[in-house]
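Taken in order, these protein sequences are the chains called E and U. Each residue of the first sequence is one higher than the one before, counting from 17 in the working numbering. Each residue of the second sequence is one higher than the one before, counting from 173 in the working numbering. Inspection log for the structure reproduced underneath, given as structure tokens.
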Amino acid sequence: MTGPTPTWSPQGPRPAPRLGGWADGYTTDAAYEDQINVDLCPAWLSMVAVLNGQPPLDRGRPLVWLDLGSGTGLGTCTVAAADPTLEVWGIDYSPAHVDRARSLARDAQLTNCRFVEASFEEAARDLTIGPVEVDVIVVNGVYSWVSPANQRHIVEAVSRRLRPGGLVFVMYESATGWSSMTPLAEALRLAVDADGRPGDLGFPDAARALLDLRANGAHCFPLGPRETEQMAGWADADGRYAAHEYLGAHFAPLLVGDVVDALAGAKCSHLGGIGPLDHHPYYGNPLAHADLLRSAEDPVLRELVRDLILQRALRRDLFRRGCVHTTVPEQRAWLSALTVRGLGKPFEEAPVELTALEVTLEPDFHGPLTEALATADLDVDAVLAIHPGWSFADAVTALGLLVAAGYAAPATPGAPGDAAVAASRRLNEVLRWERRHNRAHNGLVSPATGAMVALDLVELLALDAVWDGAPPQVDALVAHVLDVFAAQGRVVRHEGTLIHDPEAARSVVERRVAALLHRRPALRRLGID
Amino acid sequence: MAAGEGDVGIETGIETGTDPGTDRTDPAAPGPADAPAPPPRLDTRLFRHELTPTWLATATALAGRRPPPTDRPLRAAWLGCRAPSTPAVVAAVHPEAEVWAWDPDPARVAAMAQLRDDAGLANLVVHEQPRPPAPSAAAFDLVVLDALIDSVEDRARHELVRSAATLLRPGGLACVTYRTVVGWSEIAPVVAVLRHVAHRSSRDHADSVADALALLRELDDRQAGYLATRPVVRAWLRELFDLPVADVVERYVHRDLRPVSHAQLVEAFAAFGVGYLGPGRLDPDLPADAGPGLVEQVRRAGSSVLRETFGDLAVRRSDRADLFGLGAEPADGERADRWLADLRVTSFQAPGGALLPTVAPATAADPALDALTTAADAGGRAVPVGELWPEADADERRHLLRRALARGVVHPIRPGPVCSTAAAAAARLTAVLDHPSVPGPQRCVVAPGLGGAVAADPPVPAARHALLGITAP
Numbered sequence: 017m018t019g020p021t022p023t024w025s026p027q028g029p030r031p032a033p034r035l036g037g038w039a040d041g042y043t044t045d046a047a048y049e050d051q052i053n054v055d056l057c058p059a060w061l062s063m064v065a066v067l068n069g070q071p072p073l074d075r076g077r078p079l080v081w082l083d084l085g086s087g088t089g090l091g092t093c094t095v096a097a098a099d100p101t102l103e104v105w106g107i108d109y110s111p112a113h114v115d116r117a118r119s120l121a122r123d124a125q126l127t128n129c130r131f132v133e134a135s136f137e138e139a140a141r142d143l144t145i146g147p148v149e150v151d152v153i154v155v156n157g158v159y160s161w162v163s164p165a166n167q168r169h170i171v172e173a174v175s176r177r178l179r180p181g182g183l184v185f186v187m188y189e190s191a192t193g194w195s196s197m198t199p200l201a202e203a204l205r206l207a208v209d210a211d212g213r214p215g216d217l218g219f220p221d222a223a224r225a226l227l228d229l230r231a232n233g234a235h236c237f238p239l240g241p242r243e244t245e246q247m248a249g250w251a252d253a254d255g256r257y258a259a260h261e262y263l264g265a266h267f268a269p270l271l272v273g274d275v276v277d278a279l280a281g282a283k284c285s286h287l288g289g290i291g292p293l294d295h296h297p298y299y300g301n302p303l304a305h306a307d308l309l310r311s312a313e314d315p316v317l318r319e320l321v322r323d324l325i326l327q328r329a330l331r332r333d334l335f336r337r338g339c340v341h342t343t344v345p346e347q348r349a350w351l352s353a354l355t356v357r358g359l360g361k362p363f364e365e366a367p368v369e370l371t372a373l374e375v376t377l378e379p380d381f382h383g384p385l386t387e388a389l390a391t392a393d394l395d396v397d398a399v400l401a402i403h404p405g406w407s408f409a410d411a412v413t414a415l416g417l418l419v420a421a422g423y424a425a426p427a428t429p430g431a432p433g434d435a436a437v438a439a440s441r442r443l444n445e446v447l448r449w450e451r452r453h454n455r456a457h458n459g460l461v462s463p464a465t466g467a468m469v470a471l472d473l474v475e476l477l478a479l480d481a482v483w484d485g486a487p488p489q490v491d492a493l494v495a496h497v498l499d500v501f502a503a504q505g506r507v508v509r510h511e512g513t514l515i516h517d518p519e520a521a522r523s524v525v526e527r528r529v530a531a532l533l534h535r536r537p538a539l540r541r542l543g544i545d
Numbered sequence: 173m174a175a176g177e178g179d180v181g182i183e184t185g186i187e188t189g190t191d192p193g194t195d196r197t198d199p200a201a202p203g204p205a206d207a208p209a210p211p212p213r214l215d216t217r218l219f220r221h222e223l224t225p226t227w228l229a230t231a232t233a234l235a236g237r238r239p240p241p242t243d244r245p246l247r248a249a250w251l252g253c254r255a256p257s258t259p260a261v262v263a264a265v266h267p268e269a270e271v272w273a274w275d276p277d278p279a280r281v282a283a284m285a286q287l288r289d290d291a292g293l294a295n296l297v298v299h300e301q302p303r304p305p306a307p308s309a310a311a312f313d314l315v316v317l318d319a320l321i322d323s324v325e326d327r328a329r330h331e332l333v334r335s336a337a338t339l340l341r342p343g344g345l346a347c348v349t350y351r352t353v354v355g356w357s358e359i360a361p362v363v364a365v366l367r368h369v370a371h372r373s374s375r376d377h378a379d380s381v382a383d384a385l386a387l388l389r390e391l392d393d394r395q396a397g398y399l400a401t402r403p404v405v406r407a408w409l410r411e412l413f414d415l416p417v418a419d420v421v422e423r424y425v426h427r428d429l430r431p432v433s434h435a436q437l438v439e440a441f442a443a444f445g446v447g448y449l450g451p452g453r454l455d456p457d458l459p460a461d462a463g464p465g466l467v468e469q470v471r472r473a474g475s476s477v478l479r480e481t482f483g484d485l486a487v488r489r490s491d492r493a494d495l496f497g498l499g500a501e502p503a504d505g506e507r508a509d510r511w512l513a514d515l516r517v518t519s520f521q522a523p524g525g526a527l528l529p530t531v532a533p534a535t536a537a538d539p540a541l542d543a544l545t546t547a548a549d550a551g552g553r554a555v556p557v558g559e560l561w562p563e564a565d566a567d568e569r570r571h572l573l574r575r576a577l578a579r580g581v582v583h584p585i586r587p588g589p590v591c592s593t594a595a596a597a598a599a600r601l602t603a604v605l606d607h608p609s610v611p612g613p614q615r616c617v618v619a620p621g622l623g624g625a626v627a628a629d630p631p632v633p634a635a636r637h638a639l640l641g642i643t644a645p
């Protein structure tokens, strides 16, 4: 056909009002909740690049960081606060999101962080919006929830804005853990649309209808194991989270091959997942299939097969615009420069869940490393000083394990400057104020890692009390925390379960407060406390 | 199995051993000594009776909408000729009609043109262009979009929907067949592995797919999570491993798997002013074992789209044929009842078996349908639906007719007498479709009285020839 064809007037069904005509099917009637990220920062992404044989981000000049689909902006503000030398931009189509993000930046007096209200299409086509050439583009919680047309706009924006050698992070749902949920998610959306209420309010009834379908013997069940786990969480899911997770008109899990092919259109090569051991020949592969995966010469096929084996539901991938040839000595030099900083977590022999398998750290091997982290940063040389018999590769792997297990995070080069410490404190103060007003975030900004450090609400409330002058003693802090929980109508949660028994709840809070007090020296080194 | 190919028609797939797409790849392949290889041919016998105007008129009436008019020549277009004999049969049995056929695959277009020429079907227009026919002043009464939109990426899908919608005249019907999200979404990741291996290799697809199948077998043997824990995937893999490699290539490599949901399709057509009328296939809305809770939940769903979606989830429906209409307003009950009552059907229980495969095999004795078989079978009569089940009210009659059609007990009869032109064209086409170079076990006989074709084996009883318009060989 040539040119547009005249058509008859559209007739029902009309798009649900809650999806907003300007949003191309994305949920707009419930603002997305604030997200904290412990790994979306220059230090972490540099580490992943280096572990995959590519150079780290060039810190010889101020980096430009762009968050495409920045949501309510907490992640973007975190990066900006933790490193004021960065030029940080967030672009989002939702005025509610941009308004919230700008408030955060303004309240924290962040001068290196700007937010623009624009669609992905505008971001792709109009280079007067936002930065022209950037070092890092983050596409977090967006790609598999927007229309294929918007996915193409995102890739076009990457193509036009990402500097050669720049990194792009893309997070998306993977069909290998979501495929049987796809028709149910659509049914949820249709049920909420028919209901007429906003998504966060309509979700519980829609979820109940589908649970009833299952109870009534609908043949689409059983779902896959990952999807069954997801469905089990519907009963007490947060409405706003669920609205964004399930109720967009374009929710469609993808496969790694789709995304790799799409980003290839922006001349970006897939480096791998951003888990610190995703690249590892042993820790990166499920044991029963390791030989099969290692023998696969096609990297995309290897990822596809690994996802099938693991039934992965979520992928967080890093791409580089232009993969360069690197030499072994260069790689060794970059790996030698990797430094991790302790997060104050005491050593425990509990299993650690990596992307591909579960491991338990060895007290004899890894215990001394976690002890060393209590007083100093670790790099390869420091690990080899503790374990002289280890190889260079063993030491690199150990650093990866410490990060993956939550004992450490990649450190920003050198000590954080005064400006970074001050900006981080200002943003943490804003978050503290919001905690008092019943808006909780599970983390605080660290200028030493450039990202959030995860802390649960009990720890945060105890820390607030100490900062307000309370004695750093377990009993007093436990009483304070329980008072705040009661005043805000909250229930203590432990390992995903709400604890209604007061004694059991107190016991949980006591353990966490004690752990926090033990952790304070590390928080001071992280520039938080 | 749950996620099967569309299996309503007489034949279920193109015989890939004769597909030009695979035969052309190795011109040096050895053939019979000193004998030129026969020209490649598609299996043009693949026929889908549920896509004929006669059947679709019945489905439309069952949906409470006005069937296409019979008082003027029909204009019908097939976008997608994966079942290539269907437009040819329609052209043959409706010689007064203008039937267009188009496919994005040039091999199918060429085969259609050959079929037209061989059978002398002057009213079959094969659109030999890479894109579908453009809307013209003379719009179409019926557009069938068959097995295309579930194998193309979203932009091409949008183009196809736009084409189908804009070709329609007001009051015209579109029928869209597709593999559904609920039936196929779990299969898609495994197909992606298959296709990835096939397309990344420079070798012949037959070889690279064999490698992909070996990989999947290895993963299956090792109980890889996705293959081991999902019953639908396990069942599909068993069937996949039993297929000849050439069939795997045809079904999953030449044809991408991009399943579509009913809601997506309704939304896509609504943008062009084209609304959903009802199901084109007449298989059950709910599984045979559905309890009252499930029945009630589907029935009281808050919108038409949600009701269909719940029904698909309840059945785990793999394939759909949806009927859409441009400007087809629902009729009042009395007129809708009259359209239904005026339809004519004939019994289809031939001695030795049904003439058509059944969509929904009977799981228990069905006295209402058994009685119908006995009553309508004598002499191969055409019976107005209004005379069937005289005790039933309109809703009940609609329900019973749907069951009878789904089980192959009855088939709608084409309105009006069979003219000699149609009988002659049908005989020519039957002879062409019976060409010995076309492989496959099934033969069919074009039956203008039916508006379609029936399986040739078992032979159609002579007593029925007159009704079906079959000329004895």
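Glycine is no exception: its CB is placed at the ideal position from the N, C-alpha and C atoms. Please read these numbers as outputs of a predicted model, since none were measured by experiment.
In the DSSP assignment, find the unbroken beta strand (DSSP E) run with residue i in it and report its ends.
i: E/L330; result: 330-337
i: E/R179; result: 178-189
i: E/M468; result: 467-470
i: U/G450; result: 446-451
Please report the residue range of the alpha helix (DSSP H) in which residue i lies.
i: U/L560; result: U/L560 -> no alpha helix (DSSP H), and no H or E assigned at all.
i: E/I402; result: 396-402
i: E/D151; result: Taken as a continuous stretch (DSSP letters only), E/D151 belongs to no alpha helix (DSSP H), being part of the beta strand (DSSP E) at 150-155.
i: E/L61; result: 58-67
Classify residue i as helix, strand or coil using the three-state DSSP reduction.
i: U/Y350; result: strand
i: E/Y109; result: coil
i: U/A594; result: helix
i: U/V333; result: helix
i: E/L270; result: strand
i: E/I515; result: strand
i: E/W194; result: helix
i: E/G76; result: coil
i: U/W250; result: strand
i: U/V617; result: strand
Just the Cα atoms here: how many angstroms apart are residue i and residue j?
i: E/D221; j: U/V470; result: 15 Å
i: E/G19; j: U/P307; result: Model confidence at E/G19 stands at a pLDDT of 48, short of 50, so the residue's coordinates are unreliable; what they give is reported in the following sentence. So the alpha carbons of these two residues sit roughly 12 Å apart.
i: E/S311; j: E/N156; result: 31 Å
i: E/Q51; j: E/G91; result: 6 Å
i: U/P199; j: U/A279; result: Residue placement at U/P199 is poorly supported in this model, since its pLDDT is 32, which falls under 50; the coordinates are not used for a value here.
i: U/P239; j: U/G447; result: 15 Å
i: E/C57; j: E/L542; result: 15 Å
i: E/H266; j: U/R351; result: 18 Å
i: E/L539; j: E/L460; result: 10 Å
i: U/L246; j: U/P459; result: 36 Å
List the residues of chain U whose Cβ lies closer than 7 Å to the Cβ of residue i, in chain order.
i: E/A234; result: L466, L485, A486
Just to make sure I have the definition right: I need the residues of chain E whose C-beta is within less than 7 Å of the C-beta of residue i. Which are they?
i: U/D326; result: P164
Below 8 Å on C-beta distance, what does residue i contact in chain U?
i: E/H305; result: L391, R394, A396
Interface residues of chain U around residue i at Cβ under 9 Å?
i: E/D314; result: H368, V369, R372
Task: alpha helix (DSSP H) runs wholly inside the region 201-228 of chain E, at least 4 long, in chain order - done: Those alpha helix (DSSP H) runs which fall completely within the region 201-228 of chain E and span 4+ residues do not exist here.
- [ ] Please specify which runs of the alpha helix (DSSP H), each continuous and at least 4 residues long, are wholly inside the region 394-461 of chain E, giving them in chain order.
- [x] For the alpha helix (DSSP H) assignment, the uninterrupted runs of no fewer than 4 residues enclosed by the region 394-461 of chain E are, from N- to C-terminal side, 396-402, 408-420, 434-452.
Task: Complete runs of the beta strand (DSSP E) confined to the region 298-322 of chain U [at least 3 residues] - done: Secondary structure in the region 298-322 of chain U: the beta strand (DSSP E) runs of 3 residues or longer, each lying completely within the stretch, are 312-318 in chain order.
Open item on the list: For a minimum of 4 consecutive residues, which ranges assigned as the alpha helix (DSSP H) are wholly contained in the region 478-521 of chain U?
Closed with: With a minimum length of 4 residues, the continuous alpha helix (DSSP H) runs that stay inside the region 478-521 of chain U are 505-514.
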